[in-house]
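Chains A and B, in that order, are what the protein sequence lines are. Per UniProt numbering, the first sequence starts with residue 1, numbered consecutively. Per UniProt numbering, the second sequence starts with residue 1, numbered consecutively. We treat Cβ as the ideally placed atom computed from N, Cα and C, and that holds for glycine.
Number of protein chains: 2
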Amino acid sequence: MIQTTPIEIVEVAPRDGFQSINEPIATGIKIQIIEALIAAGLTRIEFGSFVSPRAIPQMVDMIEIAQHFRTDTRARLAALVPNVRGAELALKNGVQEIVYVFSASEAHNLSNVGAPISQSIQGLADVCQAISGADIALRVDLATAFDCPFDGTVPMDAVLHALEHIAQLAPTSEIALCDTTGRANPFEVAERFQKVMTMEALSNNTWAFHGHDTYGMGIANAMAANRAGVAVIDTSAGGLGGCPFAPGATGNTATEDLVFAARGSNAGCAVDLAALLEVADRIAELPGTSMGGHLRTVPRGKLPLL
Amino acid sequence: MIQTTPIEIVEVAPRDGFQSINEPIATGIKIQIIEALIAAGLTRIEFGSFVSPRAIPQMVDMIEIAQHFRTDTRARLAALVPNVRGAELALKNGVQEIVYVFSASEAHNLSNVGAPISQSIQGLADVCQAISGADIALRVDLATAFDCPFDGTVPMDAVLHALEHIAQLAPTSEIALCDTTGRANPFEVAERFQKVMTMEALSNNTWAFHGHDTYGMGIANAMAANRAGVAVIDTSAGGLGGCPFAPGATGNTATEDLVFAARGSNAGCAVDLAALLEVADRIAELPGTSMGGHLRTVPRGKLPLL
Numbered sequence: 001m002i003q004t005t006p007i008e009i010v011e012v013a014p015r016d017g018f019q020s021i022n023e024p025i026a027t028g029i030k031i032q033i034i035e036a037l038i039a040a041g042l043t044r045i046e047f048g049s050f051v052s053p054r055a056i057p058q059m060v061d062m063i064e065i066a067q068h069f070r071t072d073t074r075a076r077l078a079a080l081v082p083n084v085r086g087a088e089l090a091l092k093n094g095v096q097e098i099v100y101v102f103s104a105s106e107a108h109n110l111s112n113v114g115a116p117i118s119q120s121i122q123g124l125a126d127v128c129q130a131i132s133g134a135d136i137a138l139r140v141d142l143a144t145a146f147d148c149p150f151d152g153t154v155p156m157d158a159v160l161h162a163l164e165h166i167a168q169l170a171p172t173s174e175i176a177l178c179d180t181t182g183r184a185n186p187f188e189v190a191e192r193f194q195k196v197m198t199m200e201a202l203s204n205n206t207w208a209f210h211g212h213d214t215y216g217m218g219i220a221n222a223m224a225a226n227r228a229g230v231a232v233i234d235t236s237a238g239g240l241g242g243c244p245f246a247p248g249a250t251g252n253t254a255t256e257d258l259v260f261a262a263r264g265s266n267a268g269c270a271v272d273l274a275a276l277l278e279v280a281d282r283i284a285e286l287p288g289t290s291m292g293g294h295l296r297t298v299p300r301g302k303l304p305l306l
Numbered sequence: 001m002i003q004t005t006p007i008e009i010v011e012v013a014p015r016d017g018f019q020s021i022n023e024p025i026a027t028g029i030k031i032q033i034i035e036a037l038i039a040a041g042l043t044r045i046e047f048g049s050f051v052s053p054r055a056i057p058q059m060v061d062m063i064e065i066a067q068h069f070r071t072d073t074r075a076r077l078a079a080l081v082p083n084v085r086g087a088e089l090a091l092k093n094g095v096q097e098i099v100y101v102f103s104a105s106e107a108h109n110l111s112n113v114g115a116p117i118s119q120s121i122q123g124l125a126d127v128c129q130a131i132s133g134a135d136i137a138l139r140v141d142l143a144t145a146f147d148c149p150f151d152g153t154v155p156m157d158a159v160l161h162a163l164e165h166i167a168q169l170a171p172t173s174e175i176a177l178c179d180t181t182g183r184a185n186p187f188e189v190a191e192r193f194q195k196v197m198t199m200e201a202l203s204n205n206t207w208a209f210h211g212h213d214t215y216g217m218g219i220a221n222a223m224a225a226n227r228a229g230v231a232v233i234d235t236s237a238g239g240l241g242g243c244p245f246a247p248g249a250t251g252n253t254a255t256e257d258l259v260f261a262a263r264g265s266n267a268g269c270a271v272d273l274a275a276l277l278e279v280a281d282r283i284a285e286l287p288g289t290s291m292g293g294h295l296r297t298v299p300r301g302k303l304p305l306l
């Protein structure tokens, strides 16, 4: 058996997925789905964003959900925070991890968070100060780390520029290189991770990959990242969601596809595929969903290990 | 840039794809599509099977197609042959390469070619004798080299048993390990190729991978094979086709998805993606087709390099 890096999935359906659904989902349903994801064996879950409900109405019940899972030790629940106000809400409500997002490409950062990159870097500094000394993990998502919906291929220099600032401000954070459009290919994913993972300035950071399956590269890119030594991979049950501000970037890589890809290998994680598919089916039944992924399209009887 | 093995695509839509279409395709249309695939830059094409038209009616015009491409030097055209009669027809009609298929699993061999593996191995011996001394290449496709639609995971010993015979009978042939069901995962693909590619008895054989995307593993598995050093990868324009005798095994990996995956890398091949997508669209317009792949589902304006 090939030695490799065990995969640790970050399930993003409740954040990246639910925000793509216009129909309001009842708080109780959200909690039930997160509970079911945890029961299926997922140990890291992005459960939402502490943003203004005016920006993303689906996130109106963040505090209630955070409080429900406040003392939970089965899984590490993370929330996106766009600013200090979000970080303070996360701290106050006992969230275990916050995720701060900005882009390597100026055009996408302007579109996604409405600010130039320099302002987002200042925002990261402010968030780091706000959580300084607190018992909360920090992850930084670097969007458009490969390709930008507006500018195409993002130069590696732009990625390195962003990473320099992250290394200075958050030297022990987990950093996710995000393929926001899904247009990265496995060679680029391997190459960029190999480059950054050997840089001295980033030697105390850990790494994650967030990809999309829009162009069919989702699993191949996740495997390329894993092969380069990346343990943490973001996926979404049922392939739900995408970036609403990146045109054409529908389709997160499906969690069940990744679990299937790694099954039986040293990289495989202890997720119950049958239970996971049940949650994905349940998510698919919510009004207004747009699902992705492959495994749910195959008759259940054809799936091994079920 | 990461050093890797340049990919050589074998386009199988005219064989593995067209045989999945019940509606007869006019010979002139088939030739036009093969011409367009060659014009798009594909240098190896499986154009059909010298089988009885009673078994696969779509293959009724094999001789006419073979004769059309008889003197063609732009691409290497290959035909499947189930037996000596097929090999003789291929030789007589100037085909450059024949492909002989049998399975590593007994149940699939019985279902696919109606004979036990031992009889198929004798058939390979007969075919080798029939082409002995002739200027024709031989490839052996080992079906169910990972997973069988009837028996599940195929033991590596069964694969090695088949390979021993291939090594003895056809010591310089190209051997394709075929993921007939699409249920292999990238770790298994890498592991099996790494094993067989270092075996002394097989050191004069060359290697190919034939996969399906049914479970979403198509590109990831192709990348895993390529990473293990496999140059030759089978794909089908538009993801057309599958094995009609392997229940649930629809969906060859799409050629355009693989070209997209390797673009800009050292493994990339000189295929014109825009021209290829036009051929795939044309195939999709044929009556009775069932297409697959990802790139054709994305609005064309969102595709880079077009």
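3 or more residues per run - each beta strand (DSSP E) lying fully within the region 132-182 of chain B
Runs of beta strand (DSSP E) with 3 or more residues, each lying fully within the region 132-182 of chain B, are found at 137-143, 174-178, listed in chain order.
Residue of A:D179, A:V127, A:T144 minimising C-alpha distance to A170 (chain A):
Nearest C-alpha to A170 (chain A): A:V127.
Kindly say whether M291 (chain A), judged by its beta-carbon, lies nearer than 8 angstroms to any beta-carbon of chain B.
Contact with chain B is absent for M291 (chain A), since none of that chain's Cβ atoms lies less than 8 angstroms from the residue's Cβ.
Minimum Cβ-Cβ distance from G238 (chain B) to chain D less than 8 angstroms:
Annotation note: the requested chain D is absent from the structure, which comprises protein chains A and B.
Check whether the Cβ atoms of A270 (chain B) and T255 (chain B) sit closer than 8 angstroms, and answer yes or no.
Contact flag unset, no.
Return helix, strand or coil for N22 (chain B), following the three-state DSSP convention.
Here N22 (chain B) sits in coil by DSSP.
What residues from the region 144-171 of chain A come within 7 angstroms of chain B, judged by C-beta to C-beta, listed N to C?
Taking 7 angstroms as the upper bound on Cβ-Cβ separation, chain B lies near residues G152 of the region 144-171 of chain A.
Going by DSSP, what residues sit across from D234 (chain A) in a beta bridge?
Checking the DSSP bridge columns, you'll see D234 (chain A) partnered with A:V10, A:H210.
Between B:A190, B:Q67, B:P149, which has its C-alpha nearest L303 (chain A)'s C-alpha?
Each of B:A190, B:Q67, B:P149 was checked against the Cα of L303 (chain A), and the nearest Cα belongs to B:P149.
Looking only at C-alpha atoms, which of B:I38, B:T4, B:R74, B:R192 sits nearest to L277 (chain B)?
Among B:I38, B:T4, B:R74, B:R192, the Cα nearest to that of L277 (chain B) belongs to B:I38.
Is any beta-carbon of chain B found at less than 8 angstroms from that of T235 (chain A)?
When Cβ-Cβ separations below 8 angstroms define contact, T235 (chain A) makes no contact with chain B.
Amino acids of chain A, ordered along the chain, whose beta-carbon sits closer than 8 angstroms to that of I219 (chain B)
Ordered by position in chain A, the residues that pass the 8 angstroms Cβ test against I219 (chain B) are P186, G216, M217, I219, A220.
What does H108 (chain A) touch in chain B if you count any residue whose Cβ is under 9 angstroms from its own?
Residues of chain B whose Cβ lies closer than 9 angstroms to the Cβ of H108 (chain A) do not exist; the shortest such Cβ separation is about 15 angstroms.
Residues in the same chain with beta-carbon distance under 6 angstroms from G248 (chain A), minus the five sequence neighbours each way, listed in chain order, please.
Bear in mind that the predicted position of G248 (chain A) carries a pLDDT of just 47, short of 50, making it unreliable; the figure below should be weighed with that in mind. Contacts found: none.
8 angstroms CB neighbourhood of G223 (chain B) in its chain, flanking five on each side removed
It should be pointed out that residue 223 (chain B) corresponds to Met in this sequence rather than to Gly. Same-chain partners within the cutoff: P186, A261.
Looking at the structure shown, is N83 (chain B) part of a helix, part of a strand, or coil, going by DSSP?
Secondary structure of N83 (chain B) (DSSP, three-state): coil.
If I measure Cβ to Cβ from D257 (chain A) and keep anything under 8 angstroms in the same chain, skipping five residues before and after, which residues do I get?
For D257 (chain A), where only same-chain residues beyond five positions count, the Cβ hits under 8 angstroms are D213, G218, I219, T235, G239, G293, H294, L295.
Have a look at M197 (chain A) and L124 (chain A) and give me their C-alpha separation to the nearest angstrom.
Annotation: M197 (chain A) to L124 (chain A) spans about 21 angstroms, alpha carbon to alpha carbon.
Residue interval of the beta strand (DSSP E) (run including S111 (chain A))
Here S111 (chain A) belongs to no beta strand (DSSP E); instead the alpha helix (DSSP H) covers 106-113.
Tell me where the beta strand (DSSP E) around R44 (chain B) begins and ends.
Boundaries of the beta strand (DSSP E) harbouring R44 (chain B): 44-49, taken from the DSSP string.
Grab me the residues of V154 (chain A)'s own chain with a C-beta within less than 8 angstroms of its C-beta, minus the 5 sequence neighbours each way, in chain order.
Same-chain partners within the cutoff: A104, S105, T144, A145, F146, D147, C148.
Where the alpha helix (DSSP H) containing E256 (chain B) begins and where it ends:
First-last of the alpha helix (DSSP H) with E256 (chain B): 255-262.
Cα separation between Y100 (chain B) and I65 (chain B)?
Those two C-alpha atoms are separated by around 19 angstroms.
My guess is that V81 (chain A) and A75 (chain A) are in contact by the Cβ rule of under 8 angstroms, so how many angstroms apart are they, rounded?
In fact, because the Cβ distance is near 19 angstroms, the residues do not count as touching under 8 angstroms.
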